[in-house]
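S.K.: Following this message is one structure expressed as structure tokens.
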Amino acid sequence: MRHHILTGTPGAGKTTVLRALASRGHRTVAEAATDVIAREQAQGVPEPWTGPEFIARVTAEQRARQEAAAGAPGPCFFDRSPVCTHALATYLGHPVPPALTAELARLITPPGLYEPYVFLLRPLGFVEHTAARRISYEDALAFERVHEESYRRFGFRLVEVPAAGVEERVDRILGVVGAGED
């Protein structure tokens, strides 16, 4: 099975592209951190990302989603991965918990859980704020650089997906995926 990662700064359009991939019949897995934040905010925690266990909870959610996606035929597209969680921990200044360290080792140990490249969706020029996304555009660009560094550190090649219309971005991604299926 081929697992593909979509990454990029908050507001780069990953979720929109993921939905477009799903509408074309591809299997997709939603981002874990946003759902962890929403659950905790619903329980009255206004900024869950500030807590010491946040990174571990995101890691556990990602692992559960990876396991749920395992075994089905064909490619699957993930909105973020444990490498993104590493970038998040780095950016927030949180320590990397043992569960995340184990996940990072698991995903890079051959044959690996994901393709050796990651789709880096470039920013659209703005960040739309939500309850979970409160980052400024300037800070989002800094966060994007942390993502790039983390993916390179763990041996991934970055495939840039420039800011463009959704369908153009999806076509670019599928062109790369199709080229890799030879």
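In the working numbering, each residue carries its 1-based index in the sequence shown increased by 56. Just so it is clear, CB atoms sit at the ideal spot from N, CA and C, and this is done for glycine as well. Because the structure is a prediction, the values reported are computed rather than measured.
1. For Val114, collect the residues of the same chain with a Cβ closer than 6 Å to its Cβ; drop the 5 residues on either side in sequence, then sort them by chain order.
2. Using DSSP with H/G/I as helix, E/B as strand and the rest coil, what is Asp238?
3. How many angstroms separate the CA atom of Phe110 from the CA atom of Ala219?
4. Can you give me the Cβ contacts of Ala86 inside the same chain, cut-off strictly under 6 Å, excluding the 5 residues immediately before and after it?
5. List the residues that DSSP assigns as beta-bridge partners of Val174.
6. Going by DSSP, name the residue or residues bridged to Val85.
7. Should Arg95 go down as buried or exposed, given a rule of 16 or more other Cβ atoms within 10 Å for buried?
8. Between Thr84 and Cys132, how many whole angstroms is the CB-CB distance? I'm expecting something under 8 Å.
9. What does a CB cutoff of less than 7 Å around Pro138 pick up in its chain, not counting 5 residues either side in sequence?
10. Here's a check: name, in chain order, each residue in its chain whose Cβ is nearer than 6 Å to the Cβ of Arg228, leaving out the five neighbours to either side.
11. Provide the residue span of the alpha helix (DSSP H) that contains Leu169, from first to last.
12. Using a threshold of 8 Å, state whether the C-beta atoms of Arg225 and Gly69 are closer than that.
13. From Pro182 to Arg190, what distance separates their C-alpha atoms?
14. Helix, strand or coil for His203 per DSSP?
15. I think Ala198 touches Pro179, with their Cβ atoms under 8 Å apart; what is that distance to the nearest whole Å?
16. Can you tell me which of the three DSSP states Ile111 falls into?
17. Could you check the C-alpha separation between Ala78 and Gly107 for me, to the nearest Å?
18. Measure the alpha-carbon distance for Tyr173 versus Phe212 and round it to whole angstroms.
M.R.: Walking through what the data contain:
1. Ala88, Ala89, Val92 and Thr141
2. Residue confidence for Asp238 is low, a pLDDT of 36 falling below 50, so the modelled location carries little weight; the figure read from the coordinates is stated next. If DSSP states are grouped into helix, strand and coil, Asp238 belongs with coil.
3. 30 Å
4. Asp135
5. Ile61 and Leu214
6. Phe134
7. exposed
8. 7 Å
9. Thr115, Gln118, Leu156, Glu159, Leu160 and Leu163
10. Val217
11. Here Leu169 belongs to no alpha helix (DSSP H), and DSSP marks it neither H nor E.
12. yes
13. Before going on, a small fix: residue 182 reads as Phe here, not Pro. Roughly 12 Å separates the two Cα atoms.
14. helix
15. Actually they do not touch by this definition, with Cβ atoms about 11 Å apart.
16. helix
17. 33 Å
18. 5 Å
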